[in-house]
């Protein structure tokens with residue numbers, strides 16, 4: 002099914018290309034017409050592409066459709082069946098700088114908490130709870146009571 006260049010092609014016909022040079026206000030400055038030869042042989046082109054692909058990949062390429070294979074670097078590793086360890090490192094793909102900063106802060110806090118002994122963590126929790134309770138009893142619930150106390 003060659004379009005114009007093969008001598009014995011059934012669909013062989015001349016193809017003319019016309020180029021027109023015009024100004025912005027559509028005034029024609031010049032026009033040229035010339036014949037173009039186009040050769041598109043699907044069988045030959047497919048064979049050439051398969052040979053080139055065969056040279057690159059080294060695999061035998063057939064005309065049947067194959068299932069797309071995921072490269073090894075994109076495959077997620079399967080979790081191990083053994084006991085979980087806190088030393089495992091995981092990679093997260095995060096979309097957006099704001100989310101990244103928030104998750105980074107959470108991760109840093111968790112790592113710091115992991116370094117502090119459990120007894121000290123309980124002490125900090127109790128201290129924080131008592132300081133919140135003391136502050137809430139000292140401060141008035143609304144602004145009017147606070148103004149009356151100042152008078």
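Numbering (our numbering), first residue to last: 2 to 152.
Yeah, the Cβ is synthetic: ideal placement off N, Cα and C, and Gly gets one too.
None of these values were measured; they are calculated from a predicted model.
Cβ of residue 33 within 8 Å of any chain D Cβ: Given the protein chain composition of this structure (a single chain), no chain D is represented.
I'd like the list of long-range same chain contacts for residue 1, defined as Cβ closer than 8 Å, with 5 residues on each side in sequence excluded. This structure cannot speak to residue 1, because the chain is shown only from 2 to 152.
Between residue 95 and residue 114, what straight-line distance do the alpha-carbon atoms span, to the nearest angstrom? Numbered from its first residue, the chain shown carries residue 95 at position 94. Numbered from its first residue, the chain shown carries residue 114 at position 113. Roughly 23 Å between the two C-alpha positions.
Cα-Cα separation between residue 51 and residue 41, rounded to whole angstroms: Residue 51 sits at position 50 when you count from the first residue of the chain shown. Residue 41 sits at position 40 when you count from the first residue of the chain shown. If you take the alpha carbons of residue 51 and residue 41, they lie about 16 Å apart.
From this set, 17, 54, 47, 44, which residue's C-alpha is nearest residue 37's C-alpha? Sequence index remark: in the chain shown, residue 37 carries index 36 (1-based). Selected option, being the one with the closest Cα: 17.
Identify the continuous beta strand (DSSP E) that holds residue 20 and give its terminal residues. As a first step, residue 20 must be located in the chain shown, where it is residue number 19. From DSSP, the beta strand (DSSP E) with residue 20 extends over 16-23.
Residue range of the unbroken alpha helix (DSSP H) whose run includes residue 112: Here residue 112 corresponds to residue number 111 of the chain shown, with the count starting at 1. 98-116 is the extent of the alpha helix (DSSP H) around residue 112.
To the nearest angstrom, report how far apart residue 107 and residue 126 are at their CA atoms. Along the chain shown, one-based indexing puts residue 107 at 106. Along the chain shown, one-based indexing puts residue 126 at 125. Looking at the two C-alpha atoms, the distance is approximately 18 Å.
Would you kindly report the start and end of the unbroken alpha helix (DSSP H) that includes residue 47? Mapped onto the chain shown, residue 47 falls at position 46. Unbroken alpha helix (DSSP H) run through residue 47: 43-58.
Measuring CB to CB, does residue 21 end up less than 8 Å from residue 32? Working through the chain shown from its first residue, we reach residue 21 at position 20. Working through the chain shown from its first residue, we reach residue 32 at position 31. Yes. Within cutoff.
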